[in-house]
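Q: Residue numbers (our numbering): 5 to 254.
(1) How many Å lie between residue 10 and residue 38 at the Cα?
(2) Measuring alpha carbon to alpha carbon, tell me which residue in 199, 250, 72 is nearest residue 33.
(3) Check this for me: beta carbons of residue 252 and residue 201, under 8 Å apart or not?
(4) Measuring CB atoms only, is the segment 88-99 touching the segment 23-31, in the sense that at least three cross pairs come out at less than 8 Å?
(5) Would you check if there are 3 or more beta carbon pairs closer than 8 Å linking the segment 160-180 to the segment 219-229?
(6) Return the CA-CA distance between residue 128 and residue 178, expressed in angstroms with no decimal places.
(7) Shortest alpha-carbon distance to residue 117 belongs to which of 160, 165, 210?
(8) Expressed to the nearest angstrom, what Euclidean distance is found between the alpha-carbon atoms of residue 60 and residue 225?
(9) Label residue 246 either buried or exposed according to how many other C-beta atoms from any shown protein chain fall within 10 Å of its C-beta, with 16 as the threshold for buried.
(10) Below 8 Å CB to CB, which residues in the same chain sit around residue 176 once its five sequence neighbours on both sides are set aside?
(11) According to DSSP, what are the bridge partners of residue 136?
(12) For the alpha helix (DSSP H) that residue 232 lies in, which residues bound it at each end?
(13) Should residue 56 be labelled buried (16 or more other beta-carbon atoms within 10 Å of its own) or exposed?
(14) Please state whether DSSP places residue 79 in a helix, a strand or coil.
(15) Kindly indicate which residue of 7, 6, 16 has the alpha-carbon position closest to the one of residue 205.
(16) Would you identify the three-state DSSP class for residue 84, choosing helix, strand or coil?
(17) Can you give me the start and stop residues for the beta strand (DSSP E) that residue 219 sits inside?
(18) When we look at the beta-carbon of residue 238 and count the other beta-carbons within 10 Å, is it buried (16 or more) or exposed?
(19) Can you tell me whether residue 124 is buried or exposed, with buried defined as 16 or more other CB within 10 angstroms of its CB?
(20) Let me know the secondary structure DSSP gives residue 246 once reduced to three states.
(21) Let me know the secondary structure DSSP gives residue 189 once reduced to three states.
(22) Given this structure, state the Cα-to-Cα distance separating residue 109 from residue 131, to the nearest angstrom.
(23) Could you give the first and the last residue of the continuous beta strand (DSSP E) run that contains residue 47?
In C-alpha cells form, the structure reads like this:
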C-alpha cells in the first residue's frame, strides 16, 4: 500500500482475560479514528566542553492515545461515552403518581414519556377528575409534559394515572471507565485499489465524552478520546506487540 485514504467499520468489544477479543459490535458510522504516540524522555548534557551538549537520552515512557468520532448515538455508544449503563424499560401503567402543587399556567413533567390514557384526580374526599382541555392540557405526549390551565376549584395535590411506552434509559457516570478491544476492518479508497487493512488496539480505556450537544444546528456526533493501554499478555508474542498492530492484507 502506497497512497492511502482509509475507510471502514470500527468494532468495539470486551477484552477477555486471555487478551483475545470477546464479543464485538459495530459502532456504525465513524467520522474519525486516529492514533497518537508520544515518547517522553530525559536528556543529559555533558559538562566538559563548555557548551552543555546533549550526550545521552533516556526514554522514560511511551504513551499511545486515540480519538474516535462516532456519528450514531446508539444506546451502547452513549453509555460508553457517558460512563453509563443501558436499562430497558417496558411499556406499562403508572398509578397515583404525585404531582407537585401547581398554579394556573404551571407545567409539570411526568416520570415517564410516551404517555397515553392520562387521568388526573384531586385529593378531595370524593376525588374529582380534571378535564383535559379545560383544567389541563398535554403539551407533549412523548415528553410527558402537562400544562395546568384552571385548577382553582380542585383540592391539591393531584395524582396521575397513565400508560407509557417502552424506552431504553442510559445512566450517566454510574460505571467504571470502559476498556474495550478495538478493531478496524478498513479499505484503501485511493484509485479504487480496494486494498484491505485491519487495525487493532488491544486495551482502549475511554475518557468520558467532553461535550455532548443536546441541541444541534447541524449533525450531532460523539467525539471520544482515550488511552491505548499496554497489554502485557500480548507483548511477549513478537507477532502482536504490546499495544496493537496493523495488518496489510494481500
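We put the beta carbon where it would ideally sit given N, CA and C, even for glycine.
In this text, all values refer to a predicted model and were calculated from it rather than measured experimentally.
A: According to the structure shown:
(1) In the chain shown, counting from the first residue as 1, residue 10 sits at position 6. In the chain shown, counting from the first residue as 1, residue 38 sits at position 34. Between residue 10 and residue 38, the C-alpha separation is close to 11 Å.
(2) Walking along the chain shown from the start, residue 33 turns up at place 29. It is 72.
(3) Taking the first residue of the chain shown as 1, we reach residue 252 at position 248. Taking the first residue of the chain shown as 1, we reach residue 201 at position 197. It is a contact, given that the beta carbons lie within the stated cut-off.
(4) no
(5) no
(6) Translated into the one-based positions of the chain shown, residue 128 becomes position 124. Translated into the one-based positions of the chain shown, residue 178 becomes position 174. Going by the C-alpha atoms only, they are around 41 Å apart.
(7) The count along the chain shown starts at 1 and reaches residue 117 at position 113. The shortest C-alpha separation from residue 117 is found at 165.
(8) Locating residue 60 in the chain shown gives position 56, where the first residue counts as 1. Locating residue 225 in the chain shown gives position 221, where the first residue counts as 1. Taking the straight line joining both Cα atoms gives about 45 Å.
(9) In the chain shown, counting from the first residue as 1, residue 246 sits at position 242. That one is buried.
(10) On the chain shown, residue 176 is found 172 positions in, with the first residue counted as 1. Excluding positions up to five away in sequence, the list reads 86, 87, 88.
(11) Position 132 of the chain shown holds residue 136. Bridge partners of residue 136: 140.
(12) Taking the first residue of the chain shown as 1, we reach residue 232 at position 228. Not the alpha helix (DSSP H): residue 232 falls in the beta strand (DSSP E), residues 226-232.
(13) Within the chain shown, numbered from 1, the residue matching residue 56 stands at position 52. Label assigned to residue 56: exposed.
(14) On the chain shown, residue 79 is found 75 positions in, with the first residue counted as 1. Correct three-state label for residue 79: helix.
(15) Position 201 of the chain shown, counting from 1, holds the residue named residue 205. The candidate whose alpha carbon is nearest that of residue 205 is 16.
(16) As a first step, residue 84 is located in the chain shown; it is residue number 80 there, counting from the start. Three-state result, residue 84: helix.
(17) Indexing the chain shown from 1 puts residue 219 at position 215. Looking at the DSSP string, residue 219 is not in any beta strand (DSSP E), and its letter there is neither H nor E.
(18) In the chain shown, the residue the question calls residue 238 occupies position 234. It is buried - the Cβ of residue 238 has at least 16 other Cβ atoms within 10 Å.
(19) Mapped onto the chain shown, residue 124 falls at position 120. Looking at its Cβ environment, which holds 16 or more other Cβ atoms inside 10 Å, residue 124 is buried.
(20) Within the chain shown, numbered from 1, the residue matching residue 246 stands at position 242. Note: residue 246 maps to coil in three-state DSSP.
(21) Counting from 1 along the chain shown, the entry for residue 189 is found at position 185. It is a strand residue.
(22) In the chain shown, residue 109 corresponds to position 105, counting from 1. In the chain shown, residue 131 corresponds to position 127, counting from 1. C-alpha separation (whole angstroms): 22 Å.
(23) Reading the chain shown from its first residue, position 43 is the one you call residue 47. Looking at the DSSP string, the run of the beta strand (DSSP E) that includes residue 47 is 34-49.
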